[in-house]
Amino acid sequence: MLSKNLLEALNDQMNHEYFAAHAYMAMAAYCDKESYEGFANFFIQQAKKNVSMDKRL
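So for the sequence shown, full-length UniProt numbering puts the first residue at 1; every next one is plus one.
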């Protein structure tokens, strides 16, 4: 069983990953609205990386 401190640290890390993914998606939406397709795609890929990082934890 994992220690309480380790569980809290993992939970904090997952929260940071999802927060970052949410921020990236917001930036992607803005870029898409402004027709910056390359930037929008970049931010979407970054968001996917953050969510996949959470799944690995």
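From the three backbone atoms N, C-alpha and C, an ideal C-beta is built for every residue, glycine too.
Taking just the CA atoms, how far does residue j sit from residue i?
i, j, result
"C31", "Y18", "20 Å"
"K4", "A28", "36 Å"
"E8", "M1", "13 Å"
"N15", "G38", "27 Å"
"A26", "L6", "30 Å"
Taking residue i and residue j to be in contact with their CB atoms under 8 Å, please state how far apart those CB atoms are, rounded to whole angstroms.
i, j, result
"A21", "A47", "4 Å"
Between which two residues does the alpha helix (DSSP H) holding residue i run?
i, result
"E34", "Segment: none, E34 is in no alpha helix (DSSP H) and carries neither H nor E."
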